Amino acid sequence: MTARVLVLAMLAAACGGGSAAPDGSPHDAPAACTATWSGNFAEVSSTATPCATIANATVSIAAPSMRLPTALPISITLASAVAGSYTSESVTGWSATETMTVVGNSCIYQAGSGVAPHGDFTLALTDATAPHGTLELDMAVLASAFSTCGSPLTETLELVF
Amino acid sequence: MTRGRFAALALALALGPALVLAIGACSSPGHSSGMLVDAGTPDAPPAGSGVEITAVVDSKQFVVREHMLAAGEMQISGEPLAQTMGRDLTGYSRDLLPPNLYNDPVLGVAWIDLAGFSTGVESYEYSKQPMNFLAFESGAGTALVHAPLVAGISNLVDMMQHFAEGADTLDKWVFPAGTWPSMNPYGDTNPTGAGSGAANPLGWPGMWPTVHLFDSFDPTINPTSDIVLRCSISSDDTPQSAGSGSPARELCADYECDASTLHLANRTMQIARSGSAGPRSAPEGERGAVIDGHITPGADGFATWKYGLWTLNYLQIMHDSTEAAVASVPAADLSGVGSAGNTIIGDDSTGTPTAPGTFLGSSDIEGFQAQMFILEVEARADDWLTSLTTGDGATLSGFTSIGAAESYGYASPLRWFPGSIAVAETDDPSTGFPIPAYSLASADSHALDLIGLAMGYSEFFALTDQANPDVGGSQPALAYFDGDPFPADNQLPDGEATLHDRALAMIRVAIVNLDRLHVDPASNIIVDDVTFSGTTPTRGTTVSTTTVAYALLGLRTVLRSCGSELELYSNNTPDTMTAGALDSLPISFPSDATLTFSARARQLVLAHAELLYNSLTDATGRAYDGWDLAANAPLDQSDVLDAHTAAVRGLFAAYLATGDTKYRTRAIAVYDRLEATFYQADARIYTETASAPSVQYTPLRFALLQSTLRDMYELVAALPGGESRELTLEGRLARLDKLVLNGWDDRNDDQQVYEPECVQYDGVDIPRGGLQMAERTLTGELGRAGDEGATGPETVDRDTDCVPEIDDAHVPAGLADAITFTIHRN
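Going line by line, the protein sequences match chains A and B.
Under our numbering, the first sequence is numbered contiguously, ending at residue 161.
Under our numbering, the second sequence is numbered contiguously, ending at residue 1826.
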């Protein structure tokens, strides 16, 4: 494989604006966690094992993706660990940030209460013990200086966990 | 003058085809923003959506009322909006290349932030520069030196020298009149002795202070491209104390230190003085029927509003001898702030002591300019009150006293601000500034003019109102109005010769006459226009939704100011005041002798809020562009953008003035319909009618749309329940500012400017911006290519944002009167 082909292959995996990718799950077992991504890139990715945990009223999620370097880490701190509906304005703090760098283009997928722009989420937590529910998350795609990160510069995650 | 391509392309080519391919692969060639410095071959066109937008400027005419209204909205949609969007303003640079970067203090990296930069830097500073052009640089008004309150050039020179001393501007940008020293420490450095004392009759070389503004003029100028003065400017954003080891002030072209080449190039023809050249036709192809030498309450009014917004900003802090912010000084020292040789030590916002020497305003230049704005608007009020009203519809005259104007009521003999006053000038070799003579040109009255006056003087009243803790009661403002440099006031509406009482008088006369002349007694609704035959008024029967919106905004501003609640920007919670500074003076309202000024203003607020809610909009979000009082029906059934944007602006003002959330709910409904009807998603542009192939933007249309998006962000998206709108609104604001203001159609949405994406790019000439026709130092045009400014070859568009420097555009950093965008779908 030439360097140029390698570059193209990496970018094909990294850049947004394409059509929905095939299910990225390598497993035949029923999915415990399914992430549907749309916007800057489109993808459906699943894991057979749970992707969410809860400790000290903080829900931690690793949203699966084949496009991002690793699963997107999401942290949502609730007032208390009880099932219910939550939004980005009703929790004490939350974050979701990951940087993807491909051949000089550094793109940051970001949302959270401590960053700008904040983005937003809605969380329906049906079980707060072994956390289950659905999450819809809107995040910004930030292009570092001299980088291009595709279009649009927003990403939406719909997660069933 | 040279022009050219983007430096990054050469860099990319040098690094090899694989890298070029890689940089461009995500959606298009990656063009690092560079600077136009030489003529080169354009690089490959970007792969876009197949939709392109081009534009043609229809008129460059400077129409002051609409321009200053837009400038006020652009300021509010500037730094404060960026802060509401969570941005730290210290993360932006005005001269860094490429532009648009936000040095994110949370992430620790710089990212391309079109929403933050276009609001916090571009919209904000674009709004400032045409204001300075009117007030200090162009000569597009009558000369302040001849205003009765100033009374001659020796007085003005003395005042300007004293202002410069008070703000620590002396011997940097302001010098003894008639001199132009060389080898100054910084500012107007003048290392070669290039300046001439004869070109500095007042103190700041080339300054042309105005009192009244011509309502419309051709803004052609011929700024120098010289850099011989080694000029630099500083501000509260780039103070001389910032940076490590070297000042952060902006090195720039000579015109920033010497305004001589910013004067109208052929003033006589461009303003076409009454009585000499007379009105003349606008240049072929330009909108606007005539260019005339007239002043109006509306041009002066909205300019006063704009001056006021900026002056309040300048008076939020004081500064020390290094230009660092001073939040407070010991109370006993306040009267000494700004005095010559003072060594007063204050505290910054963290309580840390500041450097010895405390001066007026937020920076050396801004503290000086704030004093000039105050002098200009006070002289303006003095003129209007004492000699530019009419009581007979034929001649100009004045109130007998400031107190008489403050007491003006419904039983007073009718005296009003005529809609147009002609200006005839005679040369005055002794000062170099022409002497104006005023005569009544039209006695008619226009509601928007009176609203502008009331809004403008509300800002300045707040600045003098010590009961307003965040504005007039703050130390930085008290230091201006404690007797030096401006007179103290006893805080009563009792006719003192102070800005406090003159501002109250202007508010009183404007609002009472808005009611007496323009309000239909049956409905309590304002009509746009009133014509006069002698002293007999004939009220029109229609009102535009825009006038309704600004009536609500204006009345709310008056109520907040007189109620000591008006703040610079933080007016986004429902009002609580119940009385105001003018309530002690009876208005003698015909049907209710006990009605106070504030109570009557609140009646008018409610009447117009209900008109917007019940008649000018409906529950589906449909908005109408005006109301016919005679027919008790909308003006027509047209379905247009402006009706919706004006309705949103007005409904949010109604919500904040009354606290009734039904107006906010309706504003959201109107906005949602606006989005669904007038936003063309593939072209990412709002058009005046649904699916139109082109749209003309004017300052007013832009201001209404930008303020709609801003209000939706601040009053909906930033509040619980509205957060899902945040990212979309940021995208809309960024696109609106970049496309309509800058004239940059980012066709492939890669956030990188590629020269043919400039909407007025023809492959030969310089980029010509968008509605914003040109720019200067504070938005990145330093005159030269070097990052440090004032070094390297001359540039046309140093920051490669499609907006040229003023010396190449030959127009000021201001808005065109009209520009038409055309959508091309391939």
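We treat Cβ as the ideally placed atom computed from N, Cα and C, and that holds for glycine.
Note that this is a predicted model, so its numbers are computed, not measured.
Residue i and residue j closer than 8 Å at C-beta
i	j	result
Gly-84/A	Thr-156/A	no
Ser-140/A	Gly-133/A	Strictly speaking, residue 140/A in this sequence is Ala, with Ser absent from that position. For Ala-140/A and Gly-133/A, no; Cβs fall outside 8 Å.
Gly-1743/B	Gln-1760/B	yes
Leu-1440/B	Thr-1542/B	no
Leu-1144/B	Ala-1505/B	no
His-1212/B	Thr-1142/B	yes
Arg-1324/B	Pro-1239/B	Reading the sequence as shown, one finds Ala at residue 1324/B and not Arg. For Ala-1324/B and Pro-1239/B, yes; Cβs fall inside 8 Å.
Ser-88/A	His-118/A	yes
His-1294/B	Asp-1215/B	yes
Rounded distance between the beta-carbons of residue j and residue i, thought under 8 Å
i	j	result
Val-1695/B	Phe-1821/B	5 Å
Ala-1551/B	Ile-1526/B	5 Å
Ala-63/A	Cys-51/A	7 Å
Val-1640/B	Thr-1689/B	6 Å
Arg-1673/B	Thr-1620/B	7 Å
Asp-1529/B	His-1446/B	6 Å
Ala-1259/B	Met-1207/B	5 Å
Ala-1147/B	Thr-1220/B	Not really, about 26 Å apart at Cβ, beyond 8 Å.
Asp-1058/B	Ala-1818/B	4 Å
Ser-1553/B	Gly-1580/B	Checking the displayed sequence, the identity of residue 1553/B turns out to be Leu instead of Ser. Going by Cβ atoms, the distance from Leu-1553/B to Gly-1580/B rounds to 17 Å, so no, they are not a contact pair.
Cys-1231/B	Thr-1189/B	7 Å
Arg-1725/B	Leu-1709/B	In fact, because the Cβ distance is near 10 Å, the residues do not count as touching under 8 Å.
CB contact check: residue i to chain B, cutoff 8 Å
i	result
Ile-43/A	It is Glu, not Ile, that sits at residue 43/A in the sequence shown. Cβ-Cβ to chain B under 8 Å: no for Glu-43/A.
Pro-131/A	no
Ala-116/A	yes
Leu-159/A	no
Thr-36/A	no
Thr-53/A	no
Gly-46/A	For clarity, residue 46/A is Ser in the given sequence; the question names Gly instead. Taking Cβ atoms only, chain B never reaches closer than 8 Å to Ser-46/A, which makes this a no.
Thr-148/A	yes
Pro-152/A	yes
Ala-145/A	yes
Asp-138/A	yes
Ala-20/A	Bear in mind that a pLDDT of 37 at Ala-20/A, under 50, signals an unreliable position, so the number given afterwards is only what the model happens to contain. So, not an interface residue.
Test: residue i CB closer than 8 Å to a CB of chain A
i	result
Pro-1720/B	yes
Ser-1724/B	yes
Glu-1675/B	no
Arg-1280/B	Low confidence applies here, because Arg-1280/B scores a pLDDT of 46, under 50, leaving its location unreliable; read the following figure in that light. Output row for Arg-1280/B: interface = no.
Leu-1715/B	no
Cys-1026/B	Residue confidence for Cys-1026/B is low, a pLDDT of 34 falling below 50, so the modelled location carries little weight; the figure read from the coordinates is stated next. Yes, Cys-1026/B counts as interfacial toward chain A.
Glu-1122/B	no
Pro-1356/B	no
Pro-1099/B	no
Leu-1709/B	no
Glu-1866/B	Because chain B in this structure spans residues 1001 to 1826, residue 1866/B falls outside the shown range and cannot be described.
Leu-1727/B	yes
Glu-1730/B	yes
Where residue i meets chain E, residues with beta-carbon distance less than 9 Å
i	result
Leu-142/A	The question asks about chain E, but that chain is absent: this structure's protein chains are A and B.
Problem set entry | Members of the region 66–92 of chain A that neighbour chain B once the beta carbon cut-off is set at 9 Å | Thr-87, Ser-88, Glu-89 and Ser-90
Exercise. Can we say the region 1167–1182 of chain B touches the region 1354–1361 of chain B, given the rule of at least three CB pairs closer than 8 Å?
Worked result: yes
For this session: Can you give me, in chain order, the residues of the region 1682–1698 of chain B that have a beta carbon less than 8 Å from any beta carbon in chain A?
Result: none
Exercise. Does the count of Cβ pairs from the region 1367–1375 of chain B and the region 1347–1356 of chain B closer than 8 Å reach three?
Worked result: no
For this session: With 8 Å as the C-beta to C-beta threshold (strictly closer), list the residues of the region 1066–1087 of chain B near chain A in chain order.
Result: Met-1085, Gly-1086 and Arg-1087
For this session: Could you tell me whether the region 1306–1322 of chain B touches the region 1456–1463 of chain B, using the rule of 3 or more Cβ pairs below 8 Å?
Result: Short answer: they touch.
For this session: With 7 Å as the limit, tell me which residues of the region 93–125 of chain A have their beta carbon closer than that to any beta carbon of chain B; keep them in chain order.
Result: Val-103, Gly-104, Asn-105, Ile-108, Gly-114, Val-115, Ala-116, Pro-117, His-118, Gly-119 and Asp-120
Exercise. Are there three or more Cβ pairs, one per stretch, closer than 8 Å when the region 1416–1429 of chain B is compared with the region 1554–1569 of chain B?
Worked result: no
Exercise. Quick one: any contact between the region 1298–1305 of chain B and the region 1337–1344 of chain B, if contact means 3 or more CB pairs under 8 Å?
Worked result: With a cut-off of 8 Å on Cβ pairs, the region 1298–1305 of chain B is not in contact with the region 1337–1344 of chain B, counting fewer than three such pairs.
Exercise. If contact means a Cβ-Cβ distance below 8 Å, which residues of the region 1735–1765 of chain B contact chain A?
Worked result: Answer in chain order: Asn-1748, Asp-1749, Asp-1750, Gln-1751 and Gln-1752.
Exercise. Taking one C-beta from the region 1074–1083 of chain B and one from the region 1119–1133 of chain B each time, how about it: are there three or more such pairs within less than 8 Å?
Worked result: Contact between the region 1074–1083 of chain B and the region 1119–1133 of chain B is present: 3 or more CB-CB pairs across the two stretches fall below 8 Å.
Problem set entry | Three-pair Cβ contact test at 8 Å for the region 94–102 of chain A versus the region 110–118 of chain A | The region 94–102 of chain A makes contact with the region 110–118 of chain A; the number of CB pairs closer than 8 Å reaches 3 or more.
Problem set entry | Stretch pair the region 1680–1689 of chain B + the region 1807–1817 of chain B: three plus CB contacts closer than 8 Å | Touching, no.
Problem set entry | Chain-ordered residues of the region 1509–1521 of chain B with a beta carbon less than 9 Å from chain A | none
Exercise. With contact counted as at least three CB pairs below 8 Å, one residue from each stretch, are the region 1097–1106 of chain B and the region 1149–1156 of chain B in contact?
Worked result: no
Exercise. Hey, is the region 1587–1607 of chain B in contact with the region 1486–1501 of chain B, meaning 3+ C-beta pairs nearer than 8 Å?
Worked result: no
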